[in-house]
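The block underneath contains the structure these notes are about, expressed in structure tokens.
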Amino acid sequence: MKKRIWAGLLTFTMVATSLAACGGTQTPSDTTAATTAAPTTAAPKATEAATEAPETEAESTEGKVLNIYCWNDEFQGRYEDYFATPGLLPDGITVNFIITPNENNAYQNALDEALLNQDSAAQDDKVDMFLIEADYALKYVNSEYSLDVKGDVGLTDADLSQQYQYTKDIVTDSSGVQKGTTWQATPGLFAYRRSIAKAVLGTDDPTEVQNALSDWDKFDAVAEQAAGKGYKMLSGYDDSYRTFSNNVAAPWVDGTKIVIDDNLMKWVDQTKDYTDKGYNNKTSLWAPEWASDQGPEGKVFGFFYSTWGINFTLLGNSLEIPEADGGKAEVGNGCFGDWAVCEGPQNYFWGGTWLCAAAGTDNIETINSIMKTLTCDQATMKKITEDTQDYTNNQAAMNELANSDFKSDFLGGQNHIALFAEAAPNIDMSNCSPYDQGLNESFQGAMADYFNGVVDKETALETFYTSALEKYPELTK
Amino acid sequence: MDNGSKSRIILKIERFLCYLFLAFLTVLSLFSFYVLIINATRAHPDIQKGFSFLPGKSMLNNLNSILKNKNLPVLHGIANSFIVSGSTALLTTYFSAMTAYAIHAYEFKLKKAAFLFIMMIMMIPNQVTTLGFISLMGKMKLMDSLIPLIVPSIAAPVVFYFMKSYMEASLPIEIVEAARIDGSGEFRTFNQIILPIIKPAMAVQGIFAFVGGWNNYFVPSLIIKSANKKTLPILIAQLRSADFLKFDMGQVYMLIAIAIVPVIFVYLCLSKFIIRGVTVGAVKG
Amino acid sequence: MARPVKKKAHKGGVNYSRWGYFFLLPFFITYFIFSFVPLVTTFYNAFFENYMSGLTKIGPNFVGFDNFKSIFGSDLLKYTRNTVILWLIGFIPQILISLLLAVWFTDTRLRLKYTGFFKTVIYMPNLIMAASFSMLFFALFSDNGPVNLFMIENGFFKEPFRFLAEIWGTRGLIGLMNFLMWFGNTTILLMAAIMGVDINLFEAAQIDGARSSQIFKYITIPSIKPILIYVLITSMIGGLQMFDVPQILTNGKGTPDRTSMTLIMFLNNHLFSKNYGMAGALSTLLFIITGILSLIVFKSLVGSPDKDGR
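Chains as they are written, first to last, in the numbering used here: chain A, 6 to 482; chain B, 405 to 689; chain C, 26 to 335.
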């Protein structure tokens with residue numbers, strides 16, 4: 006009886022392997038068949054016209070459907086308010102937003118699948134535009150699936166001249182070609198509680214506080230002073246991470262070797278020190294504890310936050326009675342008005358979304374017009390900032406606002422746009438790599454165990470390498 | 405007499421302890437629902453500030469923002485989830501029962517091989533084949549369709565195994581033979597005699613399959629693209645990955661609460677059916 | 026083979042054998058179309074270097090058993106241990122309490138009231154998506170969460186216990202969630218089984234003066250054995266495939282120090298780069314491990330794997 010089972014198992018595995026062999030040999034021929042078949046089935050004229058001669062005869066060859074892949078409806082809102090509603094969309098073209106949520110890497114999986122099948126997809130199902138974030142931008146920028154915004158899409162140097170340099174660096178491929186463009190700039194600052202600064206430093210004036218925090222050594226000294234008065238310098242482990250990781254001396258990967266930058270190790274040592282000495286609250290980003298540290302009861306000196314974070318997240322968290330429950334965003338509600346911003350020890354950015362045109366699109370004209378209007382046009386971008394308080398990627402427009410008599414009640418009357426405008430040109434993102442998303446996540450995750458005292462530093466570093474090599478088998482330790 | 409009253413007292417104490425323990429489990433089971441409902445009525449910054457036992461004032465606000473959101477077709481989502489989970493439950497119970505019946509009631513050459521094969525594939529984790537499945541669906545032009553979420557449930561080794569075990573325990577082969585003597589065709593016997601007997605098993609697995617289909621996120625998130633075909637878990641994930649301006653835990657909790665109502669409703673209907681089905685089954689003995 | 030039954034079926038069933046094939050057809054057709062191709066490629070891929078570097082495909086290059094070697098060179102044993110521990114933490118209370126409840130609910134002497142209500146309620150945690158359930162647990166057990174506040178107010182803790190920063194805190198929470206999500210399910214299965222047993226058996230035993238423990242041991246357990254084995258095996262398979270709860274609760278990292286990293290989470294890590302080679306090798310190993318464990322369970326409970334449970 007046992008023999009029969011094993012015989013069954015054997016035949017099963019034999020069948021399986023022989024089938025597998027067939028499957029293996031068939032797959033390549035399948036795909037080639039699909040790719041060669043595609044042009045004949047899917048309107049050959051349109052493809053050729055779109056990829057080879059985007060400028061000529063655009064009116065007649067433009068596809069009827071423009072598909073935009075994204076993970077939320079933020080860009081859709083901008084597109085509708087500042088492109089579709091003013092009537093800039095040519096007649097007869099439908100714009101589809103294909104939203105796949107980020108959760109569990111689903112967005113990138115769906116986008117990759119679509120891009121890899123781009124050749125065989127019907128013209129109206131092809132990806133025309135897709136959105137990306139800074140952490141993984143180079144994965145798409147360094148690929149053949151994204152188009153040159155100048156050479157292919159037709160934006161000019163003049164169009165792009167007012168964009169902040171760092172927003173271009175992030176989407177510039179290894180041969181120096183810019184392949185994406187964004188409407189946002191997200192320079193970061195250090196937002197601090199005025200009352201706590203007064204108690205610790207004796208002043209809440211942004212210039213003087215900046216003098217006290219202008220490098221990491223001074224920052225540490227203030228942390229010690231704050232602890233003496235019963236305050237915490239930072240809320241959690243990851244608060245200062247971006248400030249360190251944006252200022253590395255070299256990219257994460259040298260050839261195929263993972264290199265942990267000195268600045269990142271500085272973050273590790275500083276955070277461990279802060280944790281052991283009680284200078285932080287051991288929270289993590291977005292946790293309720295972290296948010297409540299920004300509220301009226303908070304005892305935390307300050308937070309590293311960029312444009313959107315200050316105007317929306319921090320403001321929302323600072324209120325005693327939320328706006329949704331009838332509270333007003335005004336002085337007297339929670340710690341509204343008790344905040345101020347300064348540049349902090351190092352320049353950094355946090356957030357942002359870039360637009361890319363996909364190779365194989367048949368809507369170059371419209372994409373050109375969308376990119377030009379939403380990411381290059383000074384008037385539109387100034388209007389976006391005025392309407393939504395979103396900080397936009399146009400130096401001329403932002404400097405205009407910075408030099409106005411703009412005042413933020415939330416920041417006790419400070420003109421923080423001026424500080425943003427000052428900080429943004431100093432951000433240097435020439436050291437980003439296609440591996441940033443995965444490696445930063447693994448690094449922060451592994452180090453949390455060290456901060457929590459579960460493992461020592463060496464073990465945490467080992468865990469980091471293990472996790473990194475799982476994600477990127479092509480890299481080495 | 406004395407003995408009787410003594411055992412009655414013991415019985416009462418036993419009962420009391422049973423109820424006490426059951427009450428504890430009830431609290432444990434319902435507590436997450438309580439938190440869910442409370443949070444669905446609170447505003448985002450309020451939730452971020454920490455836990456509260458008392459409801460907030462933002463219930464209508466949260467509900468309105470969800471229903472008004474053009475990119476969040478909640479009603480479509482409910483309908484799609486119903487189509488997927490309902491069909492899954494029907495197909496998986498019916499065909500698994502059929503497969504189990506084939507193994508249970510018939511004698512044929514490849515029977516053992518077939519049984520062994522199903523038992524082996526039962527042990528393969530689903531996650532293993534997901535990526536291959538997705539690219540296969542791409543080649544079969546079944547992307548952005550509900551079919552890949554429904555039809556594969558016909559071959560469900562775990563449900564098959566349950567049906568087989570249930571039949572072993574409560575379906576004597578004599579019933580089949582009696583039907584044959586009465587001149588009933590095989591297919592008719594299965595549909596009209598066997599299925600009613602294993603109704604409780606079908607209801608149990610039906611619930612499991614329905615709930616599983618209702619809450620499935622990973623595969624649908626990779627297959628479905630157009631907004632009107634999205635199922636509820638995708639919409640929840642979408643709301644959770646909203647941008648900073650719109651990210652709102654109150655709305656997330658509200659949508660989770662909305663998503664859970666239909667499944668509770670179906671569950672309550674089917675759970676009554678289980679109890680009834682079991683009593684009907686018991687009469688036969 | 027269970028001779029007596031099968032022989033009887035054999036006598037009257039010779040002509041019906043084609044119906045066996047006919048009834049198997051839908052299952053196998055569906056399986057071959059939707060699962061077999063991906064599955065076979067999975068096993069096949071185990072012998073290749075085959076992954077995505079960004080959007081560029083590396084491989085497939087035949088590498089023999091290299092993938093298996095690197096899997097054995099990794100912390101495979103640690104993840105296996107984690108998986109078994111996490112499963113046991115949830116499963117032991119689950120099977121004990123489910124058996125207890127199933128017996129109580131079907132006990133004709135206890136005659137509990139409101140059983141419909143209790144039966145309904147205990148299954149309800151399973152209705153919540155694992156992702157949402159984890160979100161709620163996050164909130165409940167966070168540093169300022171209600172659990173910590175309660176413990177501090179009542180003097181059990183001096184300062185907040187950071188559940189997710191502690192090895193056994195995290196494991197305990199995962200076990201608790203799995204228990205809560207699945208004990209109702211198991212209870213329903215066992216109840217269905219107990220109710221399928223001929224009621225006369227219980228009554229006869231009671232009339233003969235058998236105690237509840239005796240009834241349980243000599244009547245209930247033997248008559249629900251097939252379902253009990255089903256519960257054990259499916260739970261074991263489910264346990265070995267444990268993924269969503271620890272994945273979401275620990276944000277996919279299996280923190281702290283990868284002590285709550287399960288085998289499938291490990292597999293999932295390789296899917297980030299669509300590493301079909303490593304994932305294939307790991308799946309093949311998982312398949313073998315699960316197969317061996319199931320065989321052991323089958324053997325120890327049934328005697329021989331191909332004897333059916335009658």
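From the three backbone atoms N, C-alpha and C, an ideal C-beta is built for every residue, glycine too.
For residue i, which residues from the same chain have a beta carbon less than 8 Å from its beta carbon, with the 5 sequence-adjacent residues on both sides left out?
i: Phe-336 (chain C); result: Since the first residue shown for chain C is 26 and the last is 335, residue 336 (chain C) is missing from the structure and cannot be characterised.
i: Glu-427 (chain A); result: Glu-348 and Ala-407
i: Asn-101 (chain A); result: Val-70, Leu-71, Asn-72 and Ile-73
i: Tyr-284 (chain A); result: Ala-228, Glu-229, Ala-231, Ala-232, Lys-237, Met-238, Leu-239 and Asp-278
i: Ile-246 (chain C); result: Leu-253
Please state if the CB of residue j and the CB of residue i are separated by a distance shorter than 7 Å.
i: Ile-249 (chain C); j: Phe-268 (chain C); result: no
i: Leu-416 (chain A); j: Ala-345 (chain A); result: yes
i: Phe-380 (chain B); j: Gln-609 (chain B); result: The question about residue 380 (chain B) has no answer, for chain B in this structure spans 405 to 689.
i: Arg-327 (chain A); j: Ala-447 (chain B); result: A small correction: the amino acid at residue 327 (chain A) is Pro; Arg does not occupy that position in the sequence shown. In contact: Pro-327 (chain A) and Ala-447 (chain B) (Cβ atoms closer than 7 Å).
i: Thr-503 (chain B); j: Phe-52 (chain C); result: yes
i: Lys-234 (chain A); j: Ala-202 (chain A); result: no
i: Met-286 (chain C); j: Gly-277 (chain C); result: no
i: Tyr-242 (chain A); j: Thr-186 (chain A); result: no
i: Met-154 (chain C); j: Asn-619 (chain B); result: yes
i: Lys-634 (chain B); j: Gly-481 (chain B); result: yes
i: Ile-554 (chain B); j: Ser-491 (chain B); result: yes
i: Ser-297 (chain A); j: Lys-453 (chain B); result: yes
i: Phe-188 (chain C); j: Gly-194 (chain C); result: yes
i: Tyr-150 (chain A); j: Leu-116 (chain A); result: no
Return helix, strand or coil for residue i, following the three-state DSSP convention.
i: Gln-81 (chain A); result: helix
i: Ala-55 (chain A); result: For Ala-55 (chain A), the predicted model reports a pLDDT of 40, less than 50, meaning its position is unreliable; a value from the coordinates is still stated below. Note: Ala-55 (chain A) maps to helix in three-state DSSP.
i: Lys-237 (chain A); result: strand
i: Tyr-505 (chain B); result: helix
i: Tyr-671 (chain B); result: helix
i: Arg-198 (chain A); result: strand
i: Asn-443 (chain B); result: helix
i: Ala-89 (chain A); result: helix
i: Trp-344 (chain A); result: strand
i: Asp-259 (chain A); result: strand
i: Thr-6 (chain C); result: This structure cannot settle anything about residue 6 (chain C), because the visible part of chain C is limited to 26 through 335.
i: Phe-163 (chain C); result: helix
i: Ser-447 (chain A); result: helix
Based on the DSSP secondary-structure assignment, which residues constitute the bridge partners of residue i?
i: Glu-74 (chain C); result: C:Asn-86
i: Leu-136 (chain A); result: A:Leu-360
i: Tyr-74 (chain A); result: A:Ile-103 and A:Phe-135
i: Ser-311 (chain A); result: A:Gly-193
i: Ser-413 (chain A); result: A:Gln-419
Ignore the nearest five residues each way along the sequence and tell me which others in residue i's own chain have a CB closer than 7 Å to its CB.
i: Ala-429 (chain A); result: Tyr-169, Ala-190 and Pro-192
i: Ala-506 (chain B); result: none
i: Phe-97 (chain C); result: none
i: Gln-442 (chain A); result: Asp-140 and Tyr-141
i: Tyr-148 (chain C); result: Gly-209, Asn-210 and Ile-213
Short of 6 Å in beta carbon distance, which residues of its chain neighbour residue i, apart from the five on each side in sequence? Order them along the chain.
i: Tyr-310 (chain A); result: Ala-196 and Leu-319
i: Lys-462 (chain A); result: Tyr-455
i: Gly-197 (chain C); result: none
Item checked: Given 8 Å, three or more beta-carbon pairs between the stretch 174-193 of chain A and the stretch 433-444 of chain A -> Segment contact: the stretch 174-193 of chain A against the stretch 433-444 of chain A, three or more CB-CB distances shorter than 8 Å; contact assigned.
Item checked: contact_flag[the stretch 241-254 of chain A, the stretch 351-365 of chain A] where n(CB pairs < 8 Å) is 3 or more -> As far as the Cβ criterion goes, the stretch 241-254 of chain A touches the stretch 351-365 of chain A, which means the pair count is three or higher.
Note to self: For the stretch 219-233 of chain A against the stretch 373-389 of chain A, do three or more pairs of beta-carbon atoms, one drawn from each stretch, fall closer than 8 Å, so that the two count as touching?
What the structure shows: Taking 8 Å as the limit for Cβ pairs, the verdict is that the stretch 373-389 of chain A does not touch the stretch 219-233 of chain A.
Notebook entry, point to check: How about the stretch 606-614 of chain B and the stretch 485-505 of chain B: do they share at least three Cβ pairs that are nearer than 8 Å?
Noted result: Yes, the stretch 606-614 of chain B is in contact with the stretch 485-505 of chain B.
Notebook entry, point to check: Is the stretch 556-576 of chain B touching the stretch 587-605 of chain B, taking contact as three or more C-beta pairs under 8 Å?
Noted result: At 8 Å Cβ cutoff, the stretches touch.
Check: Are three or more beta carbon pairs between the stretch 634-645 of chain B and the stretch 100-112 of chain A nearer than 8 Å?
Finding: The stretch 100-112 of chain A and the stretch 634-645 of chain B touch, with three or more beta-carbon pairs separated by less than 8 Å.
Notebook entry, point to check: How about the stretch 535-555 of chain B and the stretch 613-633 of chain B: do they share at least three Cβ pairs that are nearer than 8 Å?
Noted result: Below 8 Å, enough C-beta pairs join the stretch 535-555 of chain B and the stretch 613-633 of chain B to call them touching: three or more.
Notebook entry, point to check: With a cut-off of 8 Å, do at least 3 Cβ pairs link the stretch 414-434 of chain B to the stretch 473-482 of chain A?
Noted result: Between the stretch 414-434 of chain B and the stretch 473-482 of chain A, the count of C-beta pairs closer than 8 Å stays below three; the two stretches do not touch.
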